[in-house]
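Accompanying notes for the structure given below.
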Amino acid sequence: MQKGSLGGRLARSCLAVAAATSASSAGVPVNEPLPRIPDVVISGLDSGLLWVLESGPIWSGHGTLKPCVVCGLKIADHEIQYDVVGPRGSLPVHVKCYHIWRAKSDNLRRST
Ligand SMILES: [Zn+2]
């Protein structure tokens, strides 16, 4: 165990967001600014957290307050949620995250 020098510093502009989304949920680093969704999708595909989308969403509707599989933020009930099926079952995703994910998936499928 060694003390990290990165912990405990929060940019002022992130405070509101961090408070609103509550850092209690699984493994989301709170000491970084919110990453851009395309970057999250790329690294998710890279690490196996996400998969190349083959088919469309199996469900869409208002958010069910579950964390988005792409960005990890809760999908609020005034937002639209898609459920997509992958290797780990059906998982919720923001529409905006889905579209970016979908575009990356299409690129990957075309290039392989
Ligand atoms: Zn999302």
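Numbering of the sequence shown is given in the working numbering, commencing with residue 1041 and proceeding in unit increments.
Ideal Cβ positions, reconstructed from N, Cα and C, are used throughout, including at glycine.
What do you reckon, are the CB atoms on V1109 and P1132 nearer than 8 angstroms? yes
In the DSSP assignment, find the unbroken alpha helix (DSSP H) run with V1133 in it and report its ends. Run containing V1133: none in the alpha helix (DSSP H); it sits in the beta strand (DSSP E), 1129-1134.
S1151 (DSSP reduced to helix, strand or coil): helix
Thinking just about the alpha-carbon of each residue, which of Y1122, D1123, T1104 is nearest to the one in K1114? T1104
To the nearest angstrom, how far is the alpha carbon of T1061 from that of S1087? The predicted model places T1061 with a pLDDT of 49, which falls under 50 and marks its position as unreliable; any figure quoted below should be read in that light. Answer to the nearest angstrom: the Cα atoms are 24 angstroms apart.
Using 10 angstroms around the beta-carbon of H1134, count the other beta-carbons present and answer buried if the total reaches 16, otherwise exposed. buried
The alpha helix (DSSP H) enclosing V1109, as first and last residue numbers: Run containing V1109: none; DSSP gives neither H nor E here.
Using CA coordinates, which residue listed in V1124, K1106, V1081 is at the minimum distance from W1099? V1124
Indicate whether V1092 and S1145 have their beta-carbon atoms separated by less than 8 angstroms. yes
First and last residue of the uninterrupted alpha helix (DSSP H) at V1125: Segment 1120-1126 is the beta strand (DSSP E) holding V1125; no alpha helix (DSSP H) there.
When you measure from the CB of V1092 to every non-hydrogen atom of ligand 1, does any distance come out below 7 angstroms? no
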